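Undergrad: Handing you a structure now.
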Amino acid sequence: MMSSTMNNTMDERDLFQTNKQISPNIEKTPLMLAAMENDLTRVKYLLDRGVDVNVVDKDGLSALHHIRLFHGHHWLTCFQLITTSNGVYCLDRPGANGQTFLQIALKNWDKQQCDDFFRFLMSENCRLSGLEIRCPVERYSDLDEFDSDKRQRMRKILYESGAGITDILIILNFEREHLYEDTKEYENEFLKYCYGVSLRSKCRRIIRQSLGLGIKQKVLKLGLPLVLQHYILLNVTGTSH
């Protein structure tokens, strides 16, 4: 029994360490299979052995796109580990449903750990501009769990991260607020916020727009003071003018 177990372990290790492209018979890499199960132990094992996280399957999907978002206890940790193991440039690539991770986060903020997921995507500088809006439901205004205050906070974070006002208002519009409010309080408050940001916030927006994905590594290489690094990466409490 022990010999059989050891052989199975060695076979598994051999498979993990080959780091081959996708087999025509399997169509998924070992990392993709681990991601599909949100198997944190296997994901860590593979990443520690330097597997290529950017290999894509026949549909053009990487290991990140195979993670079962909002399922189980380890999905977000698996997502973060793969992203920070050189998978960051897959973040703006649409998945099987044609949506980017940022679109998915904006539509599912009532789900487990979605607030942390959204903030992680923002810290990695995911792009809002150019997201496709193909049907009314993708305007994010008809959620079952509606929270105007939370939507407003998300608008502000998106703006601080470098997104344009027009792009934000397309994705997170005020249609639902207008159904329940006689005034345009939220809309006016948001526009006032945007037009009143400080010079340092404007500079941060420009920096983030210029650096794009992989912003963490790029900022670290600059050797800036830690407090400035945190500010550029939005590692501050709330949204600051």
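By UniProt numbering, the letter at position 185 of the sequence shown is numbered 185, and the numbering carries on one by one without gaps. Note that beta-carbon positions come from the ideal geometry of N, C-alpha and C, so glycine has one too. Please read all numbers here as calculations on a predicted model, not as lab measurements.
May I have the straight-line CA-CA distance separating Arg93 from Asp39, to the nearest angstrom?
TA: Their Cα atoms are separated by approximately 23 Å.
Undergrad: Rounded to a whole number of angstroms, what is the C-alpha to C-alpha distance between Lys221 and Leu213?
TA: So the two alpha carbons sit approximately 14 Å from each other.
Undergrad: For Ser148, does the three-state DSSP call read helix, strand or coil?
TA: It is helical.
Undergrad: For Ser198, does the three-state DSSP call read helix, strand or coil?
TA: Three-state DSSP puts Ser198 in coil, outside helix and strand.
Undergrad: Is Leu91 buried or exposed, if buried means 16 or more other CB atoms sit within 10 Å of its CB?
TA: Per the 10 Å Cβ criterion, buried.
Undergrad: Work out the CA separation of Leu81 and Arg49 for me, nearest whole Å.
TA: One C-alpha to the other measures close to 13 Å.
Undergrad: Please return the same chain residues whose Cβ sits closer than 7 Å to the Cβ of Phe120, not counting the five positions on each side in sequence.
TA: Only Gln80 meet the Cβ criterion.
Undergrad: Rounded to whole angstroms, how far is the Cβ of Arg68 from the Cβ of Met36, which I believe are closer than 8 Å?
TA: Indeed, because the Cβ distance is near 7 Å, the residues count as touching under 8 Å.
Undergrad: Under 8 Å Cβ to Cβ from Lys44, same chain only, skipping five residues before and after it: list those, please.
TA: Result list for Lys44: Leu81, in chain order.
Undergrad: Since Cys126 contacts Leu106 with CB under 8 Å, what's their CB separation in whole angstroms?
TA: Not confirmed; about 11 Å, so no contact.
Undergrad: What's the call for Ser62, buried or exposed, on a 16-neighbour Cβ count within 10 Å?
TA: Its Cβ being crowded by 16 or more others within 10 Å, Ser62 is buried.
Undergrad: Just the Cα atoms here: how many angstroms apart are Pro225 and Ile232?
TA: Distance between the alpha carbons of Pro225 and Ile232: 11 Å.
Undergrad: Alpha carbons only, please: which of Thr77, Lys150, Leu128 and Asn86 is nearest the one belonging to Gly117?
TA: It is Phe, not Gly, that sits at residue 117 in the sequence shown. Looking at the Cα atoms, Thr77 is the closest of the given residues.
Undergrad: Nearest-angstrom Cα distance between Tyr180 and Asp147?
TA: C-alpha separation (whole angstroms): 12 Å.
Undergrad: Which residue wins for smallest C-alpha separation from Asn86, given the options Ile104, Ala163 and Asn54?
TA: When each option's Cα is compared against that of Asn86, the closest is Asn54.
Undergrad: Is it buried or exposed for Leu199, if we count other Cβ within 10 angstroms and need 16 for buried?
TA: The residue in question, Leu199, is exposed, as its Cβ has fewer than 16 Cβ neighbours within 10 Å.
Undergrad: Would you call Leu47 buried or exposed, if buried means 16 or more other Cβ atoms sit within 10 Å of its Cβ?
TA: Under this definition Leu47 is a buried residue.
Undergrad: Does the separation of the CB atoms of Ala96 and His71 fall below 8 Å?
TA: Result no, Cβ atoms of Ala96 and His71 do not sit closer than 8 Å.
Undergrad: How would you write the range of the alpha helix (DSSP H) that Gly219 sits in, first residue to last?
TA: The sequence shown places Val at residue 219, rather than the Gly named in the question. Start and end: Ile215 to Leu222.
Undergrad: Run the CB neighbour count on Ser161, radius 10 Å, all protein chains shown included, and call it buried at 16 or more, exposed below.
TA: It counts as buried.
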